[in-house]
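Q: My questions will all concern the structure given below.
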Amino acid sequence: MRLDELRERLKEIPQADARRLQELKTELLGRRAGALTEILKTLPTLDAETRKQVGGAANALKRELERAIDEREQALARGKAARTGQGIDLTMPGRPVWRGGLHIVTQVVSEICDIFRELGFTRAVGPEAETERNNFFALNFPPDHPALDAQDSFYLGGDALLRTHTSPVQIRTLEHYPPPVRVVIPGACYRRDPFDASHSPVFEQIEGLAVDDGLTFVDLKATLATFARRFFSPDTAVRFRPSYFPFTEPSAEMDVRCQLCAGAGCPACKQTGWMEILGSGMVHPAVLENCGVDAERYTGFAWGMGPQRIAMVRHGIPDIRLFFESDMRFLERFSGIDSR
Amino acid sequence: MIVSRRWLEALLGRPLVAQEVADRLAAQCAPVDAVIPLHQDLGAVVVARVQDVKQHPNADRLTVCVVDAGGAAPLEVVCGAPNVQAGKAYPFAPVGATLPGGLKLERRKIRGVESNGMLCSAKELGLGADHAGILELDTDAAPGTPFLDAVPVRDDQIVLDVSANRPDLLSHKGVARELAAGLGGTVKLPTVGRPDGPTGAVPSAVRPSGHQAVVDGVAVRLEDPEGAPRYLIAVLRGVTVRPSPAWLAHRLSSLGQRSINNIVDATNYILFEINQPLHAFDLAKLRGPAVVVRRATASERIVTLDGVTRSLTPEMTAICDAERATIVAGVMGSADSEVSQSTTDIVLECAYFQPTRIRRTRRALGISSESSYRFERGIDMLAMPEALARAIELIRAVAGGEMREAPVDLWPEPQQPRSVFLREDRVAHLLGVAVPRPEIERLLSSVGFVAAPKGERLAVQVPGWRPDVTREVDLIEEVARLRGYDSFPVELRPYRLGTVPDAPAEQTLDRMRETLARAGLFEARTLPLGPADAPDAIAVVNPLSAEEAHLRSQLLPGLVRRVEHNWALGQRDVRLFEVGTVFRPSGRGADGPSSLPDEQLRLGVVLTGARHPSHWSAQSSKVPDMDIWDLKHHFELAVAAACPACDIRPAESGTGWVALESDGGEQRGWAGPLEADAPKWAGSLLGLEVRIAVGAPSLPRYEALPTQPPVLRDLSLVVPGGVTAAAVAVVLRRVGGTLLERLDVLDEYRGAGGGLPEGTRGVTWRCTFRDPDRTLTEREIDALLGRMLSALEEDLAVRRRQT
Ligand SMILES: [Zn+2]
Chain A
-9 MRLDELRERL KEIPQADARR LQELKTELLG RRAGALTEIL KTLPTLDAET RKQVGGAANA
51 LKRELERAID EREQALARGK AARTGQGIDL TMPGRPVWRG GLHIVTQVVS EICDIFRELG
111 FTRAVGPEAE TERNNFFALN FPPDHPALDA QDSFYLGGDA LLRTHTSPVQ IRTLEHYPPP
171 VRVVIPGACY RRDPFDASHS PVFEQIEGLA VDDGLTFVDL KATLATFARR FFSPDTAVRF
231 RPSYFPFTEP SAEMDVRCQL CAGAGCPACK QTGWMEILGS GMVHPAVLEN CGVDAERYTG
291 FAWGMGPQRI AMVRHGIPDI RLFFESDMRF LERFSGIDSR
Chain B
4 MIVSRRWLEA LLGRPLVAQE VADRLAAQCA PVDAVIPLHQ DLGAVVVARV QDVKQHPNAD
64 RLTVCVVDAG GAAPLEVVCG APNVQAGKAY PFAPVGATLP GGLKLERRKI RGVESNGMLC
124 SAKELGLGAD HAGILELDTD AAPGTPFLDA VPVRDDQIVL DVSANRPDLL SHKGVARELA
184 AGLGGTVKLP TVGRPDGPTG AVPSAVRPSG HQAVVDGVAV RLEDPEGAPR YLIAVLRGVT
244 VRPSPAWLAH RLSSLGQRSI NNIVDATNYI LFEINQPLHA FDLAKLRGPA VVVRRATASE
304 RIVTLDGVTR SLTPEMTAIC DAERATIVAG VMGSADSEVS QSTTDIVLEC AYFQPTRIRR
364 TRRALGISSE SSYRFERGID MLAMPEALAR AIELIRAVAG GEMREAPVDL WPEPQQPRSV
424 FLREDRVAHL LGVAVPRPEI ERLLSSVGFV AAPKGERLAV QVPGWRPDVT REVDLIEEVA
484 RLRGYDSFPV ELRPYRLGTV PDAPAEQTLD RMRETLARAG LFEARTLPLG PADAPDAIAV
544 VNPLSAEEAH LRSQLLPGLV RRVEHNWALG QRDVRLFEVG TVFRPSGRGA DGPSSLPDEQ
604 LRLGVVLTGA RHPSHWSAQS SKVPDMDIWD LKHHFELAVA AACPACDIRP AESGTGWVAL
664 ESDGGEQRGW AGPLEADAPK WAGSLLGLEV RIAVGAPSLP RYEALPTQPP VLRDLSLVVP
724 GGVTAAAVAV VLRRVGGTLL ERLDVLDEYR GAGGGLPEGT RGVTWRCTFR DPDRTLTERE
784 IDALLGRMLS ALEEDLAVRR RQT
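Sequences listed follow chains A and B, in order. Per our numbering, residue -9 is the first one in the first sequence, and the count goes up by one each step. Per our numbering, residue 4 is the first one in the second sequence, and the count goes up by one each step.
What follows is the structure in structure tokens.
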């Protein structure tokens, strides 16, 4: 049978009923004795030129026949469905699978660490149980000083305590690595604050530390302002205010424009238009000296912030206890998955 | 620290706007927690003049007053005060006004006479304790003038969060000093008695002495100069203890301090004005009379002012008379020494107590006071004579009395002001901006430093009220904050990469979290503190509560509590994981000076509820619950991610599995069903916990993807009791060799029917054979299967099932 004869058969397809369609399919495309299959089988016997010509035309026709048969099959199926009232309702929900997700605090920590990674900071970690020396004294807390009051600690016996900040990792890092040092230090910290809406005896902190030749207060301001603009929004206003930490001098608190009221004043920012985001300062020379770093030559800056607090500010989460309760609805809501 | 705007105005001699003060202080020295306007609730009160006073017709003690309150016509007001007089002005609350405390005035009849408002006492206005009569006003203001405009009581509290290094900001003078530096002006102490008036002369002669001296018949001995490096005593005779004058009571009440009597109020006034705590005690109660400053003895007891018996230790300094301790130095006095209504002669103590001594004492005794708070942070040791002189002046102004002899000043080792050197280039080195020397000098001198050039450097004399400034960097901070942090540019400068590699532990944890979240679990963060979860759980010495008294030694108990929390909320499907630290006693013994616990990173998982979400297309609306086989899958996932060098084995006891190190066999993980406080409708609870080995994952290598077709053969086997699937797989693999590419269990059959011998089960395995280089023949495979079956029969008595 010639190809053009076969092409004529195309016209029959749209009119065929289900049974006729099955016959046509076998007759034309059947793998054993279909007419088109027969033609394709003869191809190896032809000379190169003819083979190319016939082969191309035969394959094109094959595709056309297949498409026509497919379309007719679907039309017949639709007709059958309509007759029996069993149409597919495509608005019915799809088949779901369980989805998981990361804790919102983990996400915020990663996001913060990622921003600082772009600014050259790697991550460093240390133990959660620490010595008084690393947690306080090497950080220039004088013994028996009222500055210790803000750091009410859980003791484990002897001079072992649960770290009150991630700052002891500054000490561990400076004792083990020569400058330049650029690290961010995420981790859990502990203070003897009973649970309430904004306090938890356990909380997450991210500390940062940069020590090198020639680092100044200008670098501190620029680095932290850059962070704030990356994390919140490019036009976020920041301000720096004097503060006090034994391990930095000068010390500075950084505020960002309230993310909720854009500075107009609201309950979240106590009507000030600003939100306290982190504490910072130039590394105190005594800290460098305690770690065997030449404080005449090297300078540095450090800061600390609370990812839980930042998450609360950014997402409007009213109570820090929600982070620990592990209510599946809360975890799902903040898992980074689009909720239905 | 609460400061009063009006008090600051008196010191600076200029009007101030509270919010501007707050902004300036926040930008320059200390955060401001709040600005609280005082007496806002008196807005409706006006000045009224009483025109006539008549006897109330039905009550002896009441009067009916005709009052001009600025309205169109005079009002009739019933009054119960004995001091009401025609022609005088009083505060008047009209009908509709709400007074402090919430009393809303209504027009009402009092013993048959209608009263149109109320003439008010000081107490009713929240201006003091005096309620014996109504408050007579010394004012020419027209009737109807708002009370707050006519009488200078309007004030603002500015609540400062003063850091531990700045004791100077714990007084109005110190705060005013900062404001003068920032806003201009100078600080002058007002003449006492008339607080808003000009400066008065200050008599300040003291008699310098060593360890002991006598003043006006009182022997003073300083036996503990370590605890009290400087100790001044004055004796005042013939004072009259009585209520404070209104101005003094107002000053204190503007800070929220209660007025007690003129002597105590005067000492408190000095404390809040210039940061010198003082203690006045009754000379008549002093045995000897003597004042002895010494370490307390081990068995010494004292009944402090709050009525509690306190045991002292030699770590504390006691103020004693000739016989006994009467005061815990710097912290609290006793009823046995305190000034009372009958006191006529007082001993006035002006001391410097060693800060750490005070801190330890007040912590040991669990009491603190405004005085101990200041001693602990360090007061100005150099300005004590001036402080004492001002206190004497104030006490004489409000309580009378005379001083027969100049105060004694016991100061065995006098100190000079400290000098700190500052290099100009070091300022730029740290701050990143060059600050010219004249500007440095100007900034430092604005808050009391005295700078003088000494060679290339500046020699800076530190005032006595700044104990925090001890080294060059402290002066650089002063320059930075006084210049203003805003004056330094935000300019990202080039930096060098650091030497610290990114923490492998963090990378490992990131991977764990990804793996579990992808498997459909949510990350939980539970509290590392809880009840003891093991016999050797590490206890916190000073826990907040018994429920949070131990560090966790495993993750699962905390996760189970979280599941129970979800159940309590009616949530049946809970799938949680946590990566976190657990704490174990270190092997090093607990006696060492720094025996820190061992910390391990763990991964914990809890699963309960439906295996997958329900879907309308399913045959049954009930989705099967997760069971131990779901758990085993998660365990395999967890072990592969957390400790790949481990094998999973059935647990020795109970239903469950363990992960054992391939070399050494140490257990690193466990999985199995968990006990919990479950509601009836809950599914079974399953959990696993794995210790995380920190390290990079092994990198996959490329292997050529197969091009030859596989050959699949299913083997239905009769497996006798006691033979495990793992044992069968070992034999199949051993014999199948490299041609056996995969081995999967297709089904398991147990039960009496189907012709299986008693005590056996049927297990069907699918074997996938492939040779990478050639097509396998049927004959080859049949031969191989034959050998595999023989080996099974021989080794395990496992036979092919006859169908
Ligand atoms: Zn706001």
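Built from N, CA and C at the ideal position, the CB exists for glycine as well.
Which class does B:Gly740 belong to by DSSP, given the choice of helix, strand or coil?
A: Counting from 1 along the second sequence, the entry for residue 740 of chain B is found at position 737. Helix at B:Gly740.
Q: Can you tell which of A:Pro158, A:Gly116, A:Gly110 has the C-alpha that lies nearest to the C-alpha of A:Glu122?
A: For the purposes of this step, residue 122 of chain A is identified with residue 132 of the first sequence, where counting begins at 1. Considering only alpha carbons, the answer is A:Pro158.
Q: In the segment 338 to 359 of chain B, which residues sit with their C-beta less than 9 Å from some C-beta in chain A, listed in chain order?
A: So the list reads Pro358, Thr359, given in the order they occur along the chain.
Q: Could you check where the alpha helix (DSSP H) with A:Lys211 kicks off and where it finishes?
A: Numbered from its first residue, the first sequence carries residue 211 of chain A at position 221. Note, A:Lys211: alpha helix (DSSP H), 207 to 221.
Q: Using only CA atoms, which one of A:Asp104, A:Gln261, A:Val171 lies nearest to A:Gly290?
A: Counting from 1 along the first sequence, the entry for residue 290 of chain A is found at position 300. When only C-alpha atoms are compared, the closest one is A:Val171.
Q: Counting only the same chain and skipping the five closest in sequence on each side, list residues whose C-beta sits under 7 Å from that of A:Ala25.
A: Start at 1 with the first residue of the first sequence, and residue 25 of chain A comes out as number 35. Excluding residues within five positions, the ones whose Cβ falls inside 7 Å are Met(-9), Leu(-4), Glu17, Leu18.
Q: Give me the subset of the segment 439 to 473 of chain B whose CB atoms are less than 7 Å from a CB atom of chain A, sorted by chain position.
A: Cβ contacts with chain A come from no residue of the segment 439 to 473 of chain B.
Q: From the DSSP output, read off the bridge partner residues of B:Val766.
A: Position 763 of the second sequence, counted from the start, is the residue given in the question as residue 766 of chain B. Its beta-bridge partners are B:Leu720, B:Glu751.
Q: Which of the three DSSP states, helix, strand or coil, is assigned to B:Ser337?
A: What you label residue 337 of chain B is simply residue 334 of the second sequence in a count that begins at 1. Strand at B:Ser337.
Q: Is A:Cys248 near ligand 1 - that is, is its Cβ less than 7 Å away from at least one heavy atom of it?
A: Here the question's residue 248 of chain A lines up with position 258 in the first sequence. Yes, ligand 1 has a heavy atom inside 7 Å of this Cβ.
Q: Which of the three DSSP states, helix, strand or coil, is assigned to B:Glu127?
A: Position 124 of the second sequence holds residue 127 of chain B. B:Glu127 falls in the coil class under three-state DSSP.
Q: So with Cβ pairs under 8 Å, would you call A:Trp88 a contact of chain B?
A: For the purposes of this step, residue 88 of chain A is taken as residue 98 along the first sequence, with counting starting at 1. Yes, contact with chain B.
Q: Between which residues of its own chain and B:Pro206 is the CB-CB distance below 8 Å, once the five residues before and five after are set aside?
A: If you number the second sequence from 1, residue 206 of chain B lands on position 203. For B:Pro206, the predicted model reports a pLDDT of 47, less than 50, meaning its position is unreliable and no value from the coordinates is stated.
Q: Looking at C-alpha atoms only, which residue of A:Phe185, A:Pro184, A:Ile196 is the closest neighbour of A:Ala178?
A: Mapped onto the first sequence, residue 178 of chain A falls at position 188. Closest option to A:Ala178, Cα to Cα, is A:Ile196.
Q: Taking buried to mean at least 16 other C-beta atoms within 10 Å of its own C-beta, is A:Thr35 buried or exposed?
A: Position 45 of the first sequence holds residue 35 of chain A. Counting Cβ neighbours within 10 Å, A:Thr35 comes out exposed, since fewer than 16 surround it.
Q: What is the DSSP secondary structure of B:Leu511, counted as helix, strand or coil?
A: Within the second sequence, the letter at position 508 stands for residue 511 of chain B. Here the sequence assigns Thr to residue 511 of chain B, which means Leu is not the residue at that position. B:Thr511: helix per DSSP, three-state reduction.
Q: Find the residues of chain B that neighbour A:Ala114, judging by a C-beta separation of less than 8 Å, and give them in chain order.
A: Locating residue 114 of chain A in the first sequence gives position 124, counting from the first residue. Under the 8 Å cutoff, chain B gives Val503, Ala506.
Q: At what residues does the alpha helix (DSSP H) containing B:Pro682 begin and finish?
A: Indexing the second sequence from 1 puts residue 682 of chain B at position 679. No alpha helix (DSSP H) contains B:Pro682, which DSSP labels as neither H nor E.
Q: Where B:Asn278 and B:Val209 are concerned, what is the direct C-alpha to C-alpha distance, given to the nearest angstrom?
A: In the second sequence, counting from the first residue as 1, residue 278 of chain B sits at position 275. In the second sequence, counting from the first residue as 1, residue 209 of chain B sits at position 206. Roughly 19 Å between the two C-alpha positions.
Q: Hey, out of B:Arg110, B:Leu28, B:Arg804, B:Ile330, whose CA is closest to B:Ala100's CA?
A: Within the second sequence, the letter at position 97 stands for residue 100 of chain B. The candidate whose alpha carbon is nearest that of B:Ala100 is B:Arg110.
Q: Let me make sure I understand the geometry here. Which of B:Val331, B:Leu799, B:Gly758, B:Ala699 has the alpha-carbon closest to that of B:Ser733?
A: On the second sequence, residue 733 of chain B is found 730 positions in, with the first residue counted as 1. With the sequence shown as reference, residue 733 of chain B is identified as Val, and Ser is not the correct amino acid for it. Of the listed residues, the one whose Cα sits closest to B:Val733 is B:Leu799.
Q: Listing by chain order, which chain B residues have their CB less than 7 Å from the CB of A:Ser325?
A: Taking the first residue of the first sequence as position 1, residue 325 of chain A is located at position 335. The contacting residues are Phe525.
Q: So, A:Val115 versus A:Val201, is the Cβ gap smaller than 8 Å?
A: Here residue 115 of chain A corresponds to residue number 125 of the first sequence, with the count starting at 1. Here residue 201 of chain A corresponds to residue number 211 of the first sequence, with the count starting at 1. Contact: no.
Q: Within the present structure, is the beta-carbon of A:Ala258 separated from the nearest heavy atom of ligand 1 by less than 7 Å?
A: The residue given as residue 258 of chain A occupies position 268 in the first sequence. A:Ala258 Cβ: within cutoff of ligand 1.
Q: Round the Cβ separation of B:Cys646 and B:Gly672 to the nearest angstrom and send it over; I've been treating them as touching at under 8 Å.
A: The sequence position of residue 646 of chain B within the second sequence is 643, counting from 1. The sequence position of residue 672 of chain B within the second sequence is 669, counting from 1. Their Cβ separation, rounded to whole angstroms, is 7 Å, which keeps B:Cys646 and B:Gly672 in contact under 8 Å.
Q: What residue range is occupied by the uninterrupted alpha helix (DSSP H) comprising B:Ala643?
A: Along the second sequence, read from residue 1 onward, the residue named residue 643 of chain B stands at position 640. Element bounds for B:Ala643: 631 to 645.
Q: With a Cβ-Cβ cutoff of 8 Å, do A:Ala258 and A:Gly271 count as a contact?
A: One-based indexing of the first sequence puts residue 258 of chain A at position 268. One-based indexing of the first sequence puts residue 271 of chain A at position 281. No, Cβ-Cβ distance for A:Ala258 and A:Gly271 is not below 8 Å.
Q: Short of 9 Å Cβ to Cβ, which residues in the segment 154 to 171 of chain A face chain E?
A: Of the protein chains in the structure, A and B, none is chain E.
Q: Closer than 8 Å by beta-carbon distance: list the chain B residues that pair up with A:Tyr234, in chain order.
A: Position 244 of the first sequence holds residue 234 of chain A. Those within 8 Å of A:Tyr234 in chain B are Ser166, Ala167, Asn168, Arg169.
Q: Whose C-beta lies closer than 6 Å to the C-beta of A:Arg231 among residues of the same chain, with five residues either side of it excluded?
A: On the first sequence, position 241 is the one that residue 231 of chain A refers to. If we look at A:Arg231 and ignore the five residues flanking it on each side, its Cβ neighbours are Glu243.
Q: Scan the segment 617 to 633 of chain B for residues whose Cβ lies nearer than 7 Å to a Cβ of chain A and list them as they occur along the chain.
A: If the cut-off is 7 Å between Cβ atoms, the segment 617 to 633 of chain B has His618, Trp619, Ser620 near chain A.
Q: Span of the beta strand (DSSP E) holding B:Thr346?
A: The residue labelled residue 346 of chain B in the question sits at position 343 within the second sequence. Counting along the chain, B:Thr346 falls outside any beta strand (DSSP E), and DSSP gives it neither H nor E.
Q: Determine the chain A residues that contact B:Val544 at a beta-carbon separation under 8 Å, and present them in chain order.
A: By one-based count along the second sequence, residue 544 of chain B stands at place 541. Those within 8 Å of B:Val544 in chain A are Phe144, Tyr145, Leu146, Gly147.
Q: Taking its Cβ as the centre, do 16 or more other Cβ atoms sit within 10 Å of A:Glu61, making it buried, or is it exposed?
A: Here residue 61 of chain A corresponds to residue number 71 of the first sequence, with the count starting at 1. The residue in question, A:Glu61, is exposed, as its Cβ has fewer than 16 Cβ neighbours within 10 Å.
Q: Distance cutoff 8 Å, beta carbons only. Does A:Leu92 sit that close to anything in chain B?
A: As a working mapping, residue 92 of chain A is identified with position 102 in the first sequence. True, the Cβ-Cβ gap to chain B drops below 8 Å.
Q: Taking DSSP's pairing of strands, which residues face A:Leu151 in a bridge?
A: Position 161 of the first sequence, counting from 1, holds the residue named residue 151 of chain A. Per DSSP, A:Glu120, A:Tyr145.
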